[in-house]
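J.: If you count by this note's numbering, then the sequence shown holds residues 20 to 722, one letter each, in order.
Every residue, glycine too, gets a C-beta built ideally from N, C-alpha and C.
Note that the structure is predicted; figures quoted are calculated from it, not measured.
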Amino acid sequence: MKIVPFVAFLAVITALVSAPNLPENGENWPEYNGNGARNHYSPLAQINAENVSQLKVAWTYASGGADTIGHRTQMQCNPIIVDGILYGVSANTQVFALDAANGNPIWKSKVTETEGTTSRGVTYWREGQEKIIFFGAGKWLYAFDALRGKPIASFGQNGRINLKEGLERPGADEYVVANTPNVIFKNLLIVGVRVSESETALLGDIRAYDVRTGKKVWTFRTIPQMGELGADTWPANSRQNIGGANAWAGMAIDRERGIVYAPTGSAAFDFYGGNRKGDNLFANCLLALDANTGKRLWHYQLVRHDIWDRDPPAPPNLLTVMHNGPDGRPRKVDAVAQITKQGYIFVFDRVTGKPLFPIEDRKYSYDAVPGEFPAASQPIPLRPTYFARQRFVEQDLNSFVADRDSILGLIRKSRTGGPYIPIGKETTIFFPGTDGGGQWGGAAADPQGVLYIPSKEIPVYTSLVIKNQETNGGFVTGAQLYKQNCAACHGTDRRGNHDGSYPSLVNINKRLTADALHKLIPKGRGMMPPFAHLSVAERQAIVDFVFQKESDKQVVSSKGGALPYQHTGYNRWYDRNGYPISQPPWGTLTATDLNTGERLWQVPLGEYPELTAKGIPITGTDNYGGPLITASDLLFIAATRDERLRVFDKKTGKQLWQTQLPAAGYASPSTYSIAGKQYVVIACGGGKLKTKSGDKYVAFALP
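1) Can you give me the C-alpha to C-alpha distance between F301 and F449, rounded to a whole angstrom?
2) Out of curiosity, what's the CA-to-CA distance linking G588 and I225?
3) Does the separation of the CB atoms of F376 and Q621 fall below 9 Å?
4) Could you say which of D652, D454, A683 lies nearest to D328 if we only look at CA atoms?
5) Do Y291 and G390 have their CB atoms nearer than 9 Å?
6) Got a sec? Which residues, its chain only, sit under 7 Å from I100 by beta carbon, not counting five neighbours each side?
7) Who are the Cβ neighbours of S712 in its own chain at under 8 Å, not counting the five residues just before and after it?
8) Would you kindly work out how many angstroms separate the C-alpha atoms of E134 and G157, rounded to a whole number?
9) Within 10 angstroms of its Cβ, does P478 collect 16 or more other Cβ (buried), or is it exposed?
10) Should the segment 626-643 be called in touch with the segment 423-438, which here means at least 3 C-beta pairs below 8 Å?
11) Between the C-alpha atoms of D164 and A172, what's the straight-line distance to the nearest angstrom?
12) Could you tell me how far apart the beta carbons of E557 and L647 are, in whole angstroms, since I believe they sit closer than 8 Å?
13) Is S82 buried or exposed, if buried means 16 or more other CB atoms sit within 10 Å of its CB?
14) Going by beta carbon distance, what residues of the same chain come within less than 7 Å of K670, once the five residues before and after it are set aside?
15) Three-state secondary structure (DSSP) at P400?
16) Does D714 come out as helix, strand or coil in the three-state DSSP assignment?
17) Under 8 Å: do the segment 327-344 and the segment 49-64 share three or more Cβ pairs, one atom per stretch?
18) According to DSSP, simplified to helix, strand and coil, what is C703?
19) For the candidate residues E476, L619, T137, whose alpha-carbon lies nearest to that of Y598?
20) Does the beta-carbon distance from G645 to A462 come in below 9 Å?
21) So, at 7 Å on beta carbons, what are the nonlocal neighbours of P583 in its own chain, with the 5 sequence-adjacent residues on each side left out?
22) Taking C-beta to C-beta, are G443 and Q409 nearer than 9 Å?
23) So V562 is in the beta strand (DSSP E); what residue range does that whole segment cover?
24) Which runs of the beta strand (DSSP E) at least 3 residues long sit entirely within the segment 250-291? Give them in chain order.
25) Taking all protein chains shown into account, decide if T371 is buried (16 or more other Cβ within 10 angstroms of its Cβ) or exposed.
26) One question on the structure: do C505 and I561 come within less than 9 Å of each other, judged by their Cβ atoms?
27) DSSP state of Y51, grouped into three classes?
28) Under three-state DSSP, which class holds V525?
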């Protein structure tokens with residue numbers, strides 16, 4: 020690892036200390052996804068269609084920590100760049116600062132508590148000569164001096180605040196993390212968090228803290244207290260009994276108006292809501308809050324009584340479009356657009372919350388498991404045009420699928436064919452899957468009012484099974500504990516899920532000792548949350564089961580939970596050759612004009628070269644991460660499992676250039692300029708979809 024010379028380091032520090040307010044010319048990429056509008060857009064135009072093929076690697080930085088002790092790491096970070104310094108997060112969840120011109124390191128944190136954190140980046144605040152980086156890891160939110168990497172001792176307790184404080188409720192677990200960058204408004208840090216998706220989840224309130232002291236300034240309760248607006252959409256005392264409804268995906272901010280736009284998650288448990296009868300405000304909402312006070316200005320609920328994990332996956336986009344006014348004449352409207360996992364785009368007037376396109380309240384009457392009470396209707400936007408297909412039936416099986424007859428038999432026995440089918444005891448198929456169409460990488464928007472959306476269309480199947488935990492008055496076995504706490508991700512057969520996002524635990528003894536696993540369970544790692552609510556005896560019972568030592572030894576169940584059902588996992592449906600069973604495209608990139616609601620173009624995103632070599636048209640692949648748009652009409656995106664960075668013409672969708680990365684870039688690229696030279700940088704972390712892990716940040720520029 021190269022060490023930046025002290026003279027160069029001093030020059031960077033001096034420039035930053037004397038720097039004026041951040042310029043608006045694109046030299047910086049100062050926030051998550053570029054700016055408070057979350058539009059992934061830059062006015063830079065040095066790299067264009069004529070010269071993009073000349074791009075070369077300008078520098079590479081190995082952040083450290085990839086694939087430690089046989090565990091797949093990930094990097095989902097969209098790095099920020101401020102006045103020549105790049106701030107990012109390593110594969111082992113440390114925040115770092117680099118000289119953005121050459122990748123030389125300046126400082127790196129030494130955080131020890133990173134449980135269950137896959138970070139998507141950091142938040143920057145400055146006022147005068149005060150410059151702070153905020154970073155979430157484990158249950159802590161840290162504040163570091165942006166220039167030297169030292170903790171800000173006056174913030175919270177010696178430079179950090181405990182995010183769990185204020186979210187507790189009886190019977191809840193310990194898991195909370197701010198893994199998506201927060202929102203800055205004046206001297207406020209507005210924070211949403213990720214919590215677990217089980218019935219033991221903490222509350223999901225949105226909170227604002229003073230940037231200097233860490234003192235809490237306001238709270239918006241996403242599950243209302245008795246007597247508050249929305250409380251009548253829940254059973255009594257829901258804040259004591261139910262968690263979730265958390266703003267995990269990130270938020271957008273209109274600083275001129277002082278409005279923060281927060282999409283909220285589903286209430287937990289995600290797939291059964293018999294204990295939370297009602298529409299469940301303010302879960303699954305797009306919230307517009309007064310950024311000064313946290314007061315609700317307006318909301319729209321995108322899914323009522325969510326029992327499908329259909330919460331909005333990404334921050335909304337703030338943009339300006341042309342729509343007809345009351346007099347029938349076109350006028351500019353400041354809008355907020357929210358993409359969804361279903362492939363919908365909801366578009367609202369940013370100030371009033373009025374929909375800019377028709378939304379139909381569509382009735383559904385599917386059967387549900389005993390004890391469940393699905394909502395009678397759901398809002399379906401009639402425009403803009405959907406960016407993902409909406410159903411999967413046997414006719415949608417791809418023409419070259421392996422094991423066709425057996426898969427057809429399974430499909431015919433499944434609940435499938437449309438949206439909002441409640442999960443049954445039979446296999447239920449989601450299409451798009453539980454983390455697609457749209458996903459956490461989000462959409463890009465340009466000044467012309469066009470939205471650019473990466474998406475995926477791969478069937479996911481699951482079912483609900485009756486819990487079988489209680490025996491002999493509250494005793495439980497290791498096999499039952501594994502089923503309750505681990506099987507949804509690692510599979511009932513311990514073989515992981517099909518795409519490799521959650522690894523197999525078969526032969527785990529080749530990667531971990533029993534003692535190491537016992538210590539890992541309460542701490543978590545990567546996408547695995549900590550299970551600190553389990554007793555020592557329960558953790559040991561799980562370890563014994565996973566290592567196939569004992570599966571029937573009974574221990575006292577400390578928190579078994581009251582819900583009668585659990586789901587059987589997030590199972591993306593691939594055939595035995597490793598290809599999705601649905602008709603391609605499996606991954607797409609779509610441009611939609613939000614002035615008219617019309618789709619402009621859609622192309623496959625990603626490739627299986629071996630299928631292309633057989634004459635099969637490019638299929639697209641599963642993907643994670645967002646796009647970058649520049650003023651030169653280029654769209655940069657990695658995201659795909661084939662480990663490439665691609666550039667498209669944003670007007671036509673034509674691919675102009677591609678290059679191989681050291682590992683898949685399941686993140687969103689950033690762009691910036693130093694001394695008149697434009698760079699594009701991407702975190703190459705891999706680690707999902709059965710691709711190798713990596714720890715490198717790679718920057719590209721013209722020679």
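T.: The structure says:
1) Reading the sequence shown from its first residue, position 282 is the one you call residue 301. Reading the sequence shown from its first residue, position 430 is the one you call residue 449. Taking the straight line joining both Cα atoms gives about 24 Å.
2) If you number the sequence shown from 1, residue 588 lands on position 569. If you number the sequence shown from 1, residue 225 lands on position 206. Rounded to whole angstroms, G588 and I225 show a C-alpha spacing of 28 Å.
3) For the purposes of this step, residue 376 is taken as the residue at position 357 of the sequence shown. For the purposes of this step, residue 621 is taken as the residue at position 602 of the sequence shown. Cβ atoms of F376 and Q621: not closer than 9 Å.
4) What you label residue 328 is simply residue 309 of the sequence shown in a count that begins at 1. When only C-alpha atoms are compared, the closest one is D454.
5) Here residue 291 refers to the residue found at position 272 of the sequence shown. Here residue 390 refers to the residue found at position 371 of the sequence shown. Cβ atoms of Y291 and G390: closer than 9 Å.
6) Reading the sequence shown from its first residue, position 81 is the one you call residue 100. Non-local beta-carbon contacts of I100 in its own chain, meaning distances under 7 Å to residues more than five positions away in sequence, involve N47, W48, A119, S689, Y691 in chain order.
7) Within the sequence shown, numbered from 1, the residue matching residue 712 stands at position 693. If you ignore the 5 residues before and after S712, its C-beta comes within less than 8 Å of the C-beta of A85, D86, R91, T92, Q93, A110, A682, G704, G705, G706, all in its own chain and listed in chain order.
8) If you number the sequence shown from 1, residue 134 lands on position 115. If you number the sequence shown from 1, residue 157 lands on position 138. Cα-Cα distance, rounded: 5 Å.
9) Position 459 of the sequence shown, counted from the first residue, corresponds to residue 478. Its Cβ being crowded by 16 or more others within 10 Å, P478 is buried.
10) Flag = no, the segment 626-643 and the segment 423-438 do not touch.
11) Counted from its first residue, the sequence shown places residue 164 at position 145. Counted from its first residue, the sequence shown places residue 172 at position 153. When only Cα atoms are considered, D164 and A172 end up about 10 Å apart.
12) Translated into the one-based positions of the sequence shown, residue 557 becomes position 538. Translated into the one-based positions of the sequence shown, residue 647 becomes position 628. Between the beta-carbon of E557 and that of L647 there is about 45 Å, and that puts the pair past the 8 Å contact cut.
13) Here residue 82 refers to the residue found at position 63 of the sequence shown. Counting Cβ neighbours within 10 Å, S82 comes out buried, since at least 16 surround it.
14) In the sequence shown, residue 670 corresponds to position 651, counting from 1. These residues qualify, in order along the chain: D652.
15) What you label residue 400 is simply residue 381 of the sequence shown in a count that begins at 1. Residue state, collapsed to three classes: strand.
16) Taking the sequence shown and counting its residues from 1, the one referred to as residue 714 is at position 695. Collapsing the DSSP output to three states places D714 in a strand.
17) The segment 327-344 is in contact with the segment 49-64.
18) Start at 1 with the first residue of the sequence shown, and residue 703 comes out as number 684. DSSP places C703 within a strand segment (E or B) once states are collapsed to three.
19) Residue 598 sits at position 579 when you count from the first residue of the sequence shown. Comparing Cα-Cα distances from Y598 to each of E476, L619, T137, the minimum goes to E476.
20) Working through the sequence shown from its first residue, we reach residue 645 at position 626. Working through the sequence shown from its first residue, we reach residue 462 at position 443. In contact: G645 and A462 (Cβ atoms closer than 9 Å).
21) Along the sequence shown, one-based indexing puts residue 583 at 564. Closer than 7 Å at Cβ, skipping near neighbours: G390, I485, K486.
22) Position 424 of the sequence shown, counted from the start, is the residue given in the question as residue 443. Position 390 of the sequence shown, counted from the start, is the residue given in the question as residue 409. Taking 9 Å as the Cβ cut-off, G443 and Q409 do not qualify as a contacting pair.
23) Counting from one through the sequence shown, the residue named residue 562 turns up at place 543. No beta strand (DSSP E) holds V562; the alpha helix (DSSP H) holding it covers 555-565.
24) Complete beta strand (DSSP E) runs here, min 3: 271-273, 278-282.
25) Numbered from its first residue, the sequence shown carries residue 371 at position 352. Exposed.
26) Here residue 505 refers to the residue found at position 486 of the sequence shown. Here residue 561 refers to the residue found at position 542 of the sequence shown. Yes; because the gap between Cβ atoms is below 9 Å, this pair is in contact.
27) Locating residue 51 in the sequence shown gives position 32, counting from the first residue. Correct three-state label for Y51: helix.
28) Translated into positions along the sequence shown, residue 525 becomes position 506. V525 falls in the coil class under three-state DSSP.
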